[in-house]
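According to the working numbering, the sequence shown is numbered sequentially starting from 1.
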Amino acid sequence: MPRDYYEVLGIARNAGEAEIKKAYRQLAMQFHPDRNRSDKNAEERFKEVNEAYAVLSDPDKRAHFDRFGTAGPGVGPGFGDTGFGTLFEDIFENFFTGGGRGRGSRAARGEDLQYELKITLEDSAAGLETKIQIPRLERCETCAGAGVETGSRLETCDMCRGAGEVRRSHGFLTVAQTCPKCQGAGQLNRAPCRECRGQGRRRAERLLSVKIPAGIDDRMQLRISGEGSSGSNGGPPGDLYVLVRISEHDLFTRQGADLYCDLPVSFAHLALGHDVEVPVLGGATRLKIPAGTQPNDVLRLRGKGLPHLRQRGHGDTCYRIVLEVPQKLNARQREALAAFEAASKEERGPLAAAFFERMKKLLG
Numbered sequence: 001m002p003r004d005y006y007e008v009l010g011i012a013r014n015a016g017e018a019e020i021k022k023a024y025r026q027l028a029m030q031f032h033p034d035r036n037r038s039d040k041n042a043e044e045r046f047k048e049v050n051e052a053y054a055v056l057s058d059p060d061k062r063a064h065f066d067r068f069g070t071a072g073p074g075v076g077p078g079f080g081d082t083g084f085g086t087l088f089e090d091i092f093e094n095f096f097t098g099g100g101r102g103r104g105s106r107a108a109r110g111e112d113l114q115y116e117l118k119i120t121l122e123d124s125a126a127g128l129e130t131k132i133q134i135p136r137l138e139r140c141e142t143c144a145g146a147g148v149e150t151g152s153r154l155e156t157c158d159m160c161r162g163a164g165e166v167r168r169s170h171g172f173l174t175v176a177q178t179c180p181k182c183q184g185a186g187q188l189n190r191a192p193c194r195e196c197r198g199q200g201r202r203r204a205e206r207l208l209s210v211k212i213p214a215g216i217d218d219r220m221q222l223r224i225s226g227e228g229s230s231g232s233n234g235g236p237p238g239d240l241y242v243l244v245r246i247s248e249h250d251l252f253t254r255q256g257a258d259l260y261c262d263l264p265v266s267f268a269h270l271a272l273g274h275d276v277e278v279p280v281l282g283g284a285t286r287l288k289i290p291a292g293t294q295p296n297d298v299l300r301l302r303g304k305g306l307p308h309l310r311q312r313g314h315g316d317t318c319y320r321i322v323l324e325v326p327q328k329l330n331a332r333q334r335e336a337l338a339a340f341e342a343a344s345k346e347e348r349g350p351l352a353a354a355f356f357e358r359m360k361k362l363l364g
C-alpha cells in the first residue's frame with residue numbers, strides 16, 4: 001500500500017492547488033539527488049515526493065486516491081504526463097542550465113587586453129608620457145555592430161523559437177541544452193555583414209596616449225578603463241591593462257625606491273679614506289669614503305634614489321664597497337706593501353683577533 005500522499009507532502013486533505021504546488025517545490029528542492037549525492041534515503045524521498053505530487057496535482061487521480069486510498073493505474077516511479085514535467089522545468093531550470101534560458105542575442109562585455117610596455121630606469125625615475133598602438137576588436141561601423149547586411153535583420157531561430165536552448169526529456173527529468181542551430185543566441189543571421197563576417201566587430205588598431213607615473217616599479221600594471229575590445233550586441237567595452245617592464249640598468253639595481261651600485265675601491269683608499277666621484281641616476285656626484293671602511297659596507301647618499309610612487313620624497317642611492325685587489329704589482333708597490341706587512345706583523349685587527357680566538361677555543 002502506498003503512503004498517504006497528503007502526509008508525504010505535509011499538507012491537509014483539503015489543501016488547494018497552490019498549497020500542493022508550494023509544498024512540492026520545497027520538498028523537491030530539499031531532496032533532489034544532485035544536492036544529496038550518495039544519500040539513498042534522500043533519493044527515495046525525492047521519488048516519493050514526485051509520486052505524491054503526480055497524484056494530488058491531477059484532479060481525477062486525487063479523487064481516486066481520496067475514494068479508494070490507492071494511486072490508481074499509471075502512477076509510480078515511471079509515471080506519465082501529469083503536468084509535473086512543466087513544474088519540474090520551472091523549479092530546476094537554473095539548477096540544470098546554470099542560468100536562465102536564452103532570449104535572443106545578449107549584450108556581452110568586451111575582452112580585457114594587456115599591453116607590455118618596456119621603459120628604462122631613467123623613465124621610471126622621471127615619469128613618462130608615450131603613445132602605444134593597441135590591436136583590438138572594435139564595433140563594425142558598416143553594420144553598426146548588428147552583424148547583418150544593411151536592409152536585413154536577424155531572424156528568430158526556428159529550432160528553439162528564440163529561447164536559445166532546447167529541452168530534452170530523460171524519464172521524468174527535462175534537461176535544457178544550448179540550441180545547436182543558433183548556438184544559444186536565439187536568432188539566426190541569414191545575411192551576415194561582409195565587413196565583419198557577421199560578428200558585429202572587426203579587428204583594428206588604436207593609438208593611445210599613456211602616462212607613466214614617476215616611481216613606477218617593474219611589473220606594475222596601469223588600468224585604462226574602456227580601452228579594451230568593444231562589447232558585442234551593445235555590451236560595454238573591456239579595459240586595457242598596461243604592464244610596465246623596466247629594462248636592466250648597466251650600473252644600478254633597484255629595491256623599492258632605493259638604488260644600489262657596486263663601487264670598487266682599493267685597499268689604500270679604504271684604509272686612509274677617500275673622496276671619489278660616483279654615478280647617480282642622470283649624472284654624477286662626490287662620495288666621501290671614511291677611513292677604515294670595510295668591504296661590503298654600504299654607503300648612502302640620502303634622497304638620490306627614485307621618487308616614492310604614492311608619497312613624497314625620494315629613496316637613497318646606496319654603494320656597496322667592493323675591495324679591489326690588484327692582480328699585478330710593480331716593484332715600488334711590492335716594496336711598500338712588504339714594509340706595511342712588516343710593520344703590521346705584531347698587530348691584528350679586531351676581526352682577525354676575534355677569528356683566531358674562536359679557532360683557538362675550537363681546537364682546544
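Even for Gly, the Cβ is constructed at its ideal location relative to N, Cα and C.
Quick one: using the 10 Å Cβ neighbour count with 16 as the cut-off for buried, is Pro-326 buried or exposed?
-> What you label residue 326 is simply residue 326 of the sequence shown in a count that begins at 1. Pro-326 comes out exposed.
Kindly confirm or deny that the stretch 131 to 145 and the stretch 192 to 205 touch, where touching means at least three C-beta pairs closer than 8 Å.
-> yes
Alpha carbon to alpha carbon, how far is Pro-295 from Gly-273? Give it in angstroms, no decimals.
-> The residue labelled residue 273 in the question sits at position 273 within the sequence shown. The residue labelled residue 295 in the question sits at position 295 within the sequence shown. Each residue's alpha carbon lies about 13 Å from the other.
Have a look at Arg-139, Arg-37, Gln-26 and flag the residue whose alpha-carbon is nearest the alpha-carbon of Val-49.
-> Your numbering for residue 49 matches position 49 in the sequence shown. Nearest C-alpha to Val-49: Gln-26.
Rounded separation between Asn-189 and Leu-222 - CA only = Within the sequence shown, residue 189 is the residue found at index 189, counting from 1. Within the sequence shown, residue 222 is the residue found at index 222, counting from 1. If I take the Cα positions, the gap works out to 39 Å.
CB-CB under 6 Å to Gly-240, same chain, minus the five flanking residues each way: which ones, in chain order?
-> Numbered from 1 along the sequence shown, position 240 holds the residue referred to as residue 240. A quick correction: the sequence has Leu, not Gly, at residue 240. Answer for Leu-240: Leu-113, Ile-224, Glu-227, Gly-228, listed in chain order.
Alpha carbon to alpha carbon, how far is Arg-206 from Leu-121?
-> Position 206 of the sequence shown, counted from the start, is the residue given in the question as residue 206. Position 121 of the sequence shown, counted from the start, is the residue given in the question as residue 121. If I take the Cα positions, the gap works out to 27 Å.
Can you give the Cα-Cα distance for Glu-19 and Lys-61, rounded to whole angstroms?
-> Along the sequence shown, one-based indexing puts residue 19 at 19. Along the sequence shown, one-based indexing puts residue 61 at 61. Spanning the two alpha carbons is a distance of roughly 17 Å.
So does the stretch 208 to 215 actually touch the stretch 297 to 313, counting three or more Cβ pairs closer than 8 Å?
-> yes
Indicate the three-state DSSP secondary structure (helix, strand or coil) for Glu-195 in the structure shown.
-> Against the sequence shown, residue 195 aligns to sequence position 195. Glu-195: coil per DSSP, three-state reduction.
Secondary structure at Arg-136, three-state DSSP: helix, strand or coil?
-> Start at 1 with the first residue of the sequence shown, and residue 136 comes out as number 136. DSSP places Arg-136 in strand when its eight states are reduced to three.
Nearest chain B C-beta to Gln-255 closer than 8 Å, yes or no?
-> No chain B appears in this structure, which consists of one protein chain only.
Cα-Cα separation between Gly-313 and Leu-287, rounded to whole angstroms = In the sequence shown, the residue the question calls residue 313 occupies position 313. In the sequence shown, the residue the question calls residue 287 occupies position 287. Going from the Cα of Gly-313 to the Cα of Leu-287 covers about 21 Å.
Which residues bound the alpha helix (DSSP H) around Arg-348?
-> Counting from one through the sequence shown, the residue named residue 348 turns up at place 348. Careful: Arg-348 lies outside any alpha helix (DSSP H) and carries neither H nor E.
Between the C-alpha atoms of Lys-181 and Arg-153, what's the straight-line distance to the nearest angstrom?
-> In the sequence shown, counting from the first residue as 1, residue 181 sits at position 181. In the sequence shown, counting from the first residue as 1, residue 153 sits at position 153. Taking the straight line joining both Cα atoms gives about 17 Å.
Over the uninterrupted beta strand (DSSP E) stretch that includes Ala-204, give me the two end residues.
-> Taking the first residue of the sequence shown as position 1, residue 204 is located at position 204. Taken as a continuous stretch (DSSP letters only), the beta strand (DSSP E) holding Ala-204 covers 201 to 212.
Can you tell me which of Met-359, Gly-283, Gln-133, Lys-118 puts its alpha carbon nearest to the alpha carbon of Ser-209?
-> Within the sequence shown, numbered from 1, the residue matching residue 209 stands at position 209. Comparing Cα positions, the closest option is Gln-133.
One or two residues paired with Gln-221 in a DSSP bridge | The residue given as residue 221 occupies position 221 in the sequence shown. DSSP lists Leu-243 as partners of Gln-221.
Neighbourhood of Leu-259 by C-beta, 6 Å cutoff - its chain only, sequence neighbours within 5 removed | Walking along the sequence shown from the start, residue 259 turns up at place 259. Here the set comprises Phe-252, Gly-305, Thr-317.
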